[in-house]
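Peer 1:
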Amino acid sequence: MKSSLRQLNALSLLGIGISLVLAIIYTMGFYQREGIVSESMGIFFAGYFVTIIYIIVNFLSGERDTDPYRNNVVIGLSCLMWCGFILNRDMRLVPEISGFSLATLTMLFVVGIAVQSSIKYNWVIKLLYFMYGIAMFMLLLFVIYFVVLMPMGLIGMVALGMGGLVFLPLICFCYLANRIVRDLKNRRQFTYAFLSGFGAVIVFVIIKIILLTTVVNKVERSLALTHYNHKADLPEWITVTKKLELNGTLEDIILYNLSTPFFQDLASEDLFRFDTGSNRVFEFKHNPIDELAYVFVPRLSLTEDEMLSVLGFYYNHNYIKEKRLWDGESVKTNKLWSEVMLYPGDRLAYTETIFNITNTGFGNGEAIYTISMPPHSIVTSLSLWINGVEEKAVLTSKEKAEKAYNNIVGVQQRDPSLVQWREGNKVSLRVFPVTKEMPRKVKIGITSPLELNGTELAYTPIKIIGQDIQNAERMVKVQTIDDSAIPDNGILKKDENGWWVRPEFASDFRLTIPAKPLSNNAFNWKGQQYRAVPYEKVYDKKAFRFLMLDVNKAWSKEEWNTIMAINGPDKKVYFNNEWKTVAPDNSDELFDELNRQNFSFIPVASLDSTTLVITKSTSVSPNFEDLLNTDYGKTITSKMNQGQRCAVYHLSAFTNDFWNTLNERKWILSDYGTIRELKALLEKGVFIKDNIIDNSIDIPLAGLSIRELPADSKGATGNGTNHLYRMYAYNKLMENYHFKDSSDTLENKRYLELAKDANIVSPISSLVVLETQADYKNNAIDVKNNGLGNANMKNHGAVPEPHEWALIIIGAAGLLYYVYKRKKHAWAFKA
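All the letters of the sequence shown, read from the start, carry residue numbers 498 to 1328 under our numbering.
1. Below 8 Å, can you find three or more Cβ-Cβ pairs linking the stretch 665–682 to the stretch 625–635?
2. Less than 8 Å separating the beta-carbons of L879 and V916?
3. Check whether the stretch 800–809 touches the stretch 744–756, counting contact only when three or more Cβ pairs, one atom from each stretch, lie closer than 8 Å.
4. Mind checking which residues open and close the beta strand (DSSP E) that includes S925?
5. With E953 as the anchor, note down where its beta strand (DSSP E) starts and where it stops.
6. With respect to the beta strand (DSSP E) encompassing L1175, which residues constitute its N-terminal and C-terminal limits?
7. Classify R685 as buried or exposed, calling it buried when 16 or more other Cβ atoms lie within 10 Å of its own Cβ.
8. Please identify the residue among E1086, L1109, M838 whose C-alpha is closest to the C-alpha of I983.
9. For Q1026, count the other beta carbons within 10 Å of its own beta carbon; 16 or more makes it buried, fewer makes it exposed. Which is it?
10. If distances are taken between C-alpha atoms only, which option among Y626, P666, L625 comes closest to Y642?
11. How about G1284 and N1256: do their beta carbons lie closer than 8 Å?
12. Pull up the CB-CB distance for R844 and L989, whole angstroms please, since I reckon it's below 8 Å.
13. Checking the sheet assignment: what are the DSSP bridge partners for L915?
14. Considering only residues of the same chain and omitting the five flanking positions on each side of I875, which have a CB-CB separation below 6 Å?
15. Identify every residue that forms a DSSP beta bridge with P1207.
16. With a cut-off of 8 Å, do at least 3 Cβ pairs link the stretch 1247–1266 to the stretch 843–862?
17. Which class does S1135 belong to by DSSP, given the choice of helix, strand or coil?
18. Using C-beta distances below 7 Å, list every residue in its chain close to T743, excluding the 5 sequence neighbours before and after it, in chain order.
19. So A1051 and A1213 are in contact, right, with Cβ under 8 Å, and what is the actual spacing, rounded?
20. Can you list, in chain order, the residues of its chain with a C-beta nearer than 6 Å to that of D730? Leave out the 5 residues immediately preceding and following it.
21. Along the chain, which unbroken stretches of the alpha helix (DSSP H) at least 4 residues long are found entirely within the stretch 985–1069?
22. Identify, in the order they occur along the chain, each residue of the same chain with its Cβ nearer than 7 Å to the Cβ of G526, setting aside the five sequence neighbours on each side.
23. How would you label R1223, buried or exposed, when you count the other beta carbons within 10 angstroms and need 16 or more for buried?
24. Report the partner residues of M972 according to the DSSP bridge assignment.
25. According to DSSP, simplified to helix, strand and coil, what is V939?
26. So, at 6 Å on beta carbons, what are the nonlocal neighbours of N1359 in its own chain, with the 5 sequence-adjacent residues on each side left out?
27. T548 to V554, Cα distance in whole Å?
28. Go to K623, then tell me how far its alpha helix (DSSP H) extends in each direction, as first and last residue.
29. Would you say K1038 lies against chain C (beta-carbon separation less than 8 Å)?
30. Where does S806 sit, in a helix, a strand or coil, going by DSSP?
31. Do you know offhand how far R1028's Cα is from T857's?
32. Counting C-beta neighbours from all protein chains within 10 Å, is the total for G1065 16 or more, i.e. buried, or is it exposed?
33. Run through the stretch 1068–1113 for me and flag every whole alpha helix (DSSP H) of 4 or more residues, listed as ranges in chain order.
34. Label V713 either buried or exposed according to how many other C-beta atoms from any shown protein chain fall within 10 Å of its C-beta, with 16 as the threshold for buried.
35. Which residues in the same chain as T977 place their Cβ atom closer than 7 Å to its Cβ, once the five residues preceding and following it in sequence are excluded?
36. Mind checking whether T867 and F852 have CB atoms under 8 Å apart?
Structural data, given as structure tokens:
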């Protein structure tokens, strides 16, 4: 019988080992390609039934006091636990467990077999018992983790016994505890090894508690000090995070503070829903050891909105800030396929990205993404595939689009998709419903300017955050409208289908091509002509009395010293909520203090025309929308809408979200360049001139201006892309709309009509796809629009003017009449 048990052990180890490897791959999240995720229940049932048979055969062997029998029991219980985790990945009975926890259970699987093996070396056995102690502690945590599900498990026992899976941690713990006690009676010399492993986890938890508490105390102390600063007009959370070390530890603390802590509230009815009550679900994997540590860590006193803002601007969790109507925890992004069309002659680019989205759980899921775009970019198209057919979006007011989406998703539970404008060159994309049976396919199109750097044009891709995109398959195809060659700088590869970004660079790359002179092409639209011309800086006499230095981590000491050496205007900094004049005796001290800031804000609304702000952006900054309801934001909005504009010089072409918003709204007079160029401007007593004129918009980043001219203007040599008009319309809207009272419905309607005409997403307009024509009608959304409509890869050239349409119709009618007469004549001849 022992021989048969050993044979069973050997034969089954191979099959169950393979199943276990597949389970690990799937549970750890590597198994997420389309067509494979949908087979997850097949993986569960295959592993479940094989393991049940394995356990029954082992039980019927009758040799229960032998080492092979006990090894087989451990193997079977471990495999059943893995089956439970596979089932949980779909059913979400408990939050998704971290890879660390699952690796520990894998260690239990291995150690459970090895402990009883005929190992001759004591140090190996001690190591195994040490690992066994760690595994037993983890099992104890899992027992507590699953305890509240046990009543539900009793009911679920009728379903092929699957409800019993929630009892597995308890069964494993009791069985292995009994086994280890019995084993150590005969192997007392290994008791300390086992207890050391068990205690090591306790020590690890204590160390983690100390580290987490230290970070929380720093935040709380900074908040307390800020509370007593009555001069501050910024929110406390911004003042605090300016100097905090914003690392992964703080991110974890915030996420746990936003969740329902498992061990802190075992009686909570929302125990397994990490939801703050604001229809937001925080999607992250849980680690029982971390959960245990947080029981003893003080909670942050920041509000939910404040913590969400920190997550949004620093940790790129902007999509978490979006309020959900449906859960999205099991929604995954399988594929991100992009196609880029470059227009070198117009210094523009159009990017279409297709999202393939699946749901590994049950029921409806809502997919939400935040898309960060290059400066001056605009969303110009949206499509959702419904019943296998691509349905184009309709542009309407942001209020109508949001109301229609919320009504259909929240009440009728049918097919919409929505794109909304967000501050800081961002948009929000929503798709519903996503189910296991019905994966979704959505496409978004974005028009962007190409950045001009000397003799090169640079294309920067969009950044997509949300819905588990880490494992998504990415492909990016690049082409030019004039079929000009694209330099191969190691990022691209070419095949018979064109140029492709290499997979290893697809998620983050920067593509450069030689800059060409602007084309003389023009786009004709409704009696007007839109043409790209070179951007020319126009300077005006300007004498500054003060240079306000907006210093943060992005500054170098060399830059500081160089500016300090410039003669003329006094230098000032904003330190501890007041302006300080920089002098030789405090220069180094002020720089050292300010250089520690993660980002910086100065009261730009208080500055007059005699002041020049010199700044350099860090990669992170709160959005202006985070400041709208603060004294700081209200003051800026009030004074800037009255026409007050501050002069700002950027030491880098890169600007953060805050400065992007102020520049996009034309609230600042902005220029950028080197310190040498700045010095030359100051010596000449000039600065860039406010060049807002009725029939032109400027995009300095691309070195171009787009002019609106009469349709019969001479000089155009070809048909230009319609993206010229879309870019012109968006910049005109942003240039003028925010200076007006938003409650003025006539003014609102005027700019909304401009957005509809160009089909652009803006602060007052959104793109929405609804399932039926009746849905549009019921939500008062007009689908008939004589504007440009959705952009695509094909409609590059000009749209015919009305008189041209008339000529086309007359010509077509004449051709049809001619064909008809020929056929009639042929019939008469035959007769």
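Yeah, the Cβ is synthetic: ideal placement off N, Cα and C, and Gly gets one too. Computed from a predicted structure; not experimentally measured.
Peer 2: According to the structure shown:
1. yes
2. By one-based count along the sequence shown, residue 879 stands at place 382. By one-based count along the sequence shown, residue 916 stands at place 419. Yes; because the gap between Cβ atoms is below 8 Å, this pair is in contact.
3. yes
4. The residue labelled residue 925 in the question sits at position 428 within the sequence shown. Unbroken beta strand (DSSP E) run through S925: 923–931.
5. Along the sequence shown, read from residue 1 onward, the residue named residue 953 stands at position 456. Element bounds for E953: 953–956.
6. Your numbering for residue 1175 matches position 678 in the sequence shown. Run containing L1175: none in the beta strand (DSSP E); it sits in the alpha helix (DSSP H), 1172–1181.
7. If you number the sequence shown from 1, residue 685 lands on position 188. So R685 ends up on the exposed side.
8. The count along the sequence shown starts at 1 and reaches residue 983 at position 486. It is M838 whose Cα lies nearest to the Cα of I983.
9. Walking along the sequence shown from the start, residue 1026 turns up at place 529. Buried, since its Cβ has 16 or more Cβ neighbours within 10 Å.
10. On the sequence shown, residue 642 is found 145 positions in, with the first residue counted as 1. Of the listed residues, the one whose Cα sits closest to Y642 is P666.
11. Counting from one through the sequence shown, the residue named residue 1284 turns up at place 787. Counting from one through the sequence shown, the residue named residue 1256 turns up at place 759. Yes.
12. Here the question's residue 844 lines up with position 347 in the sequence shown. Here the question's residue 989 lines up with position 492 in the sequence shown. Contact flag wrong, Cβ pair sits at about 20 Å.
13. By one-based count along the sequence shown, residue 915 stands at place 418. Looking at the DSSP assignment, L915 forms a beta bridge with R927, V1265.
14. Along the sequence shown, read from residue 1 onward, the residue named residue 875 stands at position 378. Cβ neighbours of I875 beyond the five flanking positions: T944, Y1227, I1257.
15. Walking along the sequence shown from the start, residue 1207 turns up at place 710. Answer by DSSP bridge pairing, in chain order: Q1025.
16. no
17. On the sequence shown, residue 1135 is found 638 positions in, with the first residue counted as 1. In this structure, S1135 counts as helix in the three-state DSSP scheme.
18. Looking up residue 743 in the sequence shown gives position 246. Going by the sequence as given, residue 743 is Leu instead of Thr. Y811, N1095.
19. As a first step, residue 1051 is located in the sequence shown; it is residue number 554 there, counting from the start. As a first step, residue 1213 is located in the sequence shown; it is residue number 716 there, counting from the start. So it is not a contact: roughly 43 Å between Cβ atoms.
20. Position 233 of the sequence shown, counting from 1, holds the residue named residue 730. Within the same chain, D730 has close Cβ partners D1128, Y1129.
21. 1054–1061
22. Start at 1 with the first residue of the sequence shown, and residue 526 comes out as number 29. Confidence is the limiting factor: at G526 the pLDDT is only 49, short of 50, which leaves the residue's position unreliable, though a coordinate-based value still follows. Closer than 7 Å at the Cβ level, and outside the excluded window around G526, lie N968.
23. Walking along the sequence shown from the start, residue 1223 turns up at place 726. Classification for R1223: buried.
24. Here residue 972 is taken as the residue at index 475 of the sequence shown, counted from 1. M972 pairs with W834.
25. Position 442 of the sequence shown, counted from the first residue, corresponds to residue 939. Reduced to three states, the DSSP call for V939 is strand.
26. Residue numbering for the chain in the displayed model covers 498 to 1328; residue 1359 lies beyond these limits and cannot be assessed.
27. For the purposes of this step, residue 548 is taken as residue 51 along the sequence shown, with counting starting at 1. For the purposes of this step, residue 554 is taken as residue 57 along the sequence shown, with counting starting at 1. The alpha-carbon atoms of T548 and V554 are separated by roughly 10 Å.
28. On the sequence shown, position 126 is the one that residue 623 refers to. It spans 619–643 - the alpha helix (DSSP H) in which K623 sits, taken as one unbroken run.
29. Among the chains of the structure shown, chain C does not appear; only one protein chain is present.
30. Here residue 806 refers to the residue found at position 309 when the sequence shown is read from its first residue. Helix.
31. Here residue 1028 is taken as the residue at index 531 of the sequence shown, counted from 1. Here residue 857 is taken as the residue at index 360 of the sequence shown, counted from 1. One C-alpha to the other measures close to 49 Å.
32. Mapped onto the sequence shown, residue 1065 falls at position 568. Per the 10 Å Cβ criterion, exposed.
33. 1084–1091
34. Along the sequence shown, one-based indexing puts residue 713 at 216. Under this definition V713 is a buried residue.
35. For the purposes of this step, residue 977 is taken as residue 480 along the sequence shown, with counting starting at 1. Excluding positions up to five away in sequence, the list reads L839, P841, I983.
36. For the purposes of this step, residue 867 is identified with residue 370 of the sequence shown, where counting begins at 1. For the purposes of this step, residue 852 is identified with residue 355 of the sequence shown, where counting begins at 1. No. Outside cutoff.
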